[in-house]
Amino acid sequence: MSPADAAGPADVVVALDVGGTGMKCALVRPDGTTVHTERHPTDAGRGPDAVVETILDVAEGLAGKARADGRDPVALGIAVPGVVDEAAGVAVWSANVGFRDVPLRDLAAERLGLPTVLGHDVRVGGLAEARLGAGRGTGHVLFVAIGTGIAAAHVVDGAAASGAHGAAGEIGHVLVRPGGPRCGCGRDGCLEAVASASAIARRYAEATGAGPTGTAGRGGPTGGGPTGTPASAADVADRAAAGEPAAARVWAEAVEALADGLATGQALYDVETVVVGGGLAQAGPRLFDPLRAALHERMTFHRRPRLVAAALGDEAGCLGAALLALDAR
Ligand SMILES: [Zn+2]
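Taken in order, the sequence shown gives residues 670 to 998; the numbers are from this note's numbering.
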């Protein structure tokens with residue numbers, strides 16, 4: 670009997686994707702259909718204990734909502750950022766939520782009385798993109814999320830490997846520019862110190878002296894902004910496309926570094942499809958056209974992977990948490 674055959678007609682799983690600022694939550698049917706969504710603030714400044722209580726309350730509320738609607742909640746999936754020990758169900762470490770060795774799976778299973786699975790936000794996002802999104806139909810997918818940091822998930826036949834210590838996929842800390850910009854991890858020249866959305870904005874500000882008192886970045890086609898608001902990575906992409914030299918240089922350096930990082934990924938994993946998501950993917954062809962060319966340029970004997978934009982947007986983590994719960998039920 671397949672899992673779909675085993676599912677009752679009213680079965681749903683409860684899914685939560687916990688981020689530094691917000692939680693995306695859903696009730697999802699075994700066929701992947703979302704029947705209800707909610708969003709809640711994480712309010713991480715309250716400390717990890719309060720965040721854990723909110724997670725448990727929200728999960729319990731979703732299970733109650735399901736029952737009130739005549740559905741049968743059968744499992745719970747929770748995705749969190751940082752270092753996650755999926756096998757033990759422990760949120761080991763998280764910079765933006767403050768988790769330190771929180772046994773979240775067992776706490777939630779006890780509170781809700783449901784089979785519960787804990788996953789890593791980027792790995793479950795990759796799982797969802799590989800199974801339901803831009804990587805659908807291909808067995809070997811590398812999902813790379815580029816936002817304030819850069820992280821990846823290697824998904825083979827619908828399962829993402831977590832590594833021996835829950836820390837697989839840290840492609841943002843591949844060394845691409847020895848002696849380059851200082852990374853948040855303390856080393857110089859990591860990929861995310863050159864090519865994350867926040868690194869692009871920071872490097873452009875440094876290059877132009879932009880900011881409330883800066884002047885060097887002004888006077889271009891779009892100027893530095895009369896308000897002195899720092900340019901975002903998206904602004905840098907726009908200004909690069911408009912021909913502003915400093916923006917074009919910072920953007921090109923980021924694309925070249927990303928191509929180096931993805932080429933390393935392809936040498937290690939030999940995937941069919943590289944799916945790029947996160948905020949930087951919003952740049953569209955301004956990112957994907959030069960990045961695809963630079964990546965393919967770096968392939969010698971390696972097969973060129975398909976390079977595509979993520980399809981599920983910020984729902985990927987929540988859908989991935991649902992998939993984990995459906996797999997575990
Ligand atoms: Zn680093």
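Glycine is no exception: its CB is placed at the ideal position from the N, C-alpha and C atoms.
Using the C-alpha atoms, what's the distance from residue j back to residue i?
i      : j      : result
GLY892 : THR898 : Confidence is the limiting factor: at GLY892 the pLDDT is only 44, short of 50, which leaves the residue's position unreliable and the question unanswerable from this model.
ASP712 : VAL727 : 13 Å
ARG908 : THR877 : 12 Å
ALA903 : GLY739 : 44 Å
PRO847 : CYS694 : 41 Å
ASP680 : CYS987 : 17 Å
HIS709 : PRO750 : 16 Å
GLY853 : LEU787 : 26 Å
ALA917 : ALA910 : 7 Å
ALA864 : ALA676 : 44 Å
ALA906 : ALA952 : 7 Å
ALA900 : ALA915 : 12 Å
ARG972 : GLY808 : 15 Å
ALA985 : VAL919 : 29 Å
LEU993 : GLU875 : 42 Å
GLU913 : ASP857 : 27 Å
ALA957 : GLU729 : A small correction: the amino acid at residue 957 is Phe; Ala does not occupy that position in the sequence shown. The alpha-carbon atoms of PHE957 and GLU729 are separated by roughly 41 Å.
PHE970 : ASN765 : 40 Å
ALA950 : ALA829 : 21 Å
ARG961 : VAL945 : 11 Å
GLY989 : ASP996 : 10 Å
ARG921 : ALA870 : Rather than Arg, the amino acid found at residue 921 in this sequence is Ala. If I take the Cα positions, the gap works out to 13 Å.
MET968 : PHE812 : 18 Å
PRO890 : LYS734 : Unreliable positioning characterises PRO890 in this predicted model, as indicated by a pLDDT of 42, which lies under 50. The coordinate reading is nonetheless provided below. When rounded, the distance between both Cα atoms is 52 Å.
GLU722 : GLY818 : 27 Å
Of all the options the options, which has the alpha carbon lying nearest to the alpha carbon of residue i?
i      : options                           : result
VAL743 : ALA778, ILE840, PHE957 and GLY788 : ALA778
ALA748 : ASP939, GLY758 and GLY739         : GLY758
ALA932 : THR785, LEU844, ASP680 and VAL793 : LEU844
HIS789 : PHE768, VAL943, GLU875 and GLY739 : PHE768
PRO678 : ALA684, THR690 and THR702         : THR702
LEU783 : ARG715, ALA732 and VAL810         : ALA732
ALA760 : SER831, TYR873, ILE840 and VAL977 : SER831
GLU707 : ALA719, ASP686 and VAL721         : ASP686
GLY691 : PRO699, HIS705, VAL704 and ILE724 : ILE724
LEU773 : VAL825, VAL720 and LEU796         : VAL720
PRO954 : MET968, GLY818 and ALA978         : ALA978
HIS705 : GLU722, GLY714, ARG715 and ARG736 : ARG736
GLY930 : CYS859, ASP996, ALA866 and ALA870 : CYS859
GLY688 : VAL791, MET968, ASP700 and ASP741 : VAL791
ASP983 : GLY806, GLY855, GLY795 and ALA833 : GLY795
ARG998 : ASP741, GLY818, GLY855 and GLY714 : ASP741
In chain order, what residues of the same chain have a beta carbon less than 7 Å from the beta carbon of residue i, not counting five sequence neighbours either side?
i      : result
ALA963 : VAL924, GLU925 and ALA928
ALA991 : VAL682, ALA684, ALA695, VAL697 and GLY746
PRO974 : GLN935, VAL940, GLU941, THR942 and VAL943
ASP754 : VAL761 and GLY835
ASP770 : VAL759 and VAL761
PRO959 : VAL924
SER763 : VAL749, PRO750 and GLY751
LEU937 : none
Can the beta-carbon of residue i be found closer than 8 Å to that of residue j?
i      : j      : result
GLY835 : ALA822 : no
VAL810 : VAL793 : no
LEU981 : ALA797 : yes
GLY841 : ALA820 : yes
So with Cβ pairs under 8 Å, would you call residue i a contact of chain D?
i      : result
VAL766 : Among the chains in the structure shown there is no chain D, since it carries only a single protein chain.
Once you ignore the five residues that flank residue i on each side, which residues in its own chain have a CB closer than 6 Å to its CB?
i      : result
PRO717 : GLY767 and PHE768
GLY947 : ALA814, ILE815 and GLY816
GLY883 : Residue placement at GLY883 is poorly supported in this model, since its pLDDT is 38, which falls under 50; the coordinates still yield a value, given next. Same-chain partners within the cutoff: there are none.
THR785 : LEU745, ARG774, ALA777 and ALA778
ARG872 : VAL919
GLY827 : ARG800
GLY804 : GLU798, VAL810, THR942 and VAL944
ALA866 : GLY816, ALA902, GLY948 and LEU949
Leaving out the 5 sequence neighbours to the left and right, which residues in its chain are closer than 8 Å to residue i when beta-carbon positions are compared?
i      : result
ALA868 : PRO850, GLU861, ALA862 and ALA923
GLU966 : ALA928
ARG780 : LEU725, ALA728 and GLU729
Mind checking who residue i pairs with in its DSSP beta bridge?
i      : result
MET692 : VAL687 and HIS709
HIS965 : DSSP output for HIS965 lists no bridge partner at all.
VAL786 : GLY746
GLY946 : ALA814
ARG851 : ASP857
LEU960 : Its beta-bridge partners do not exist; DSSP assigns none.
VAL682 : VAL697 and ALA744
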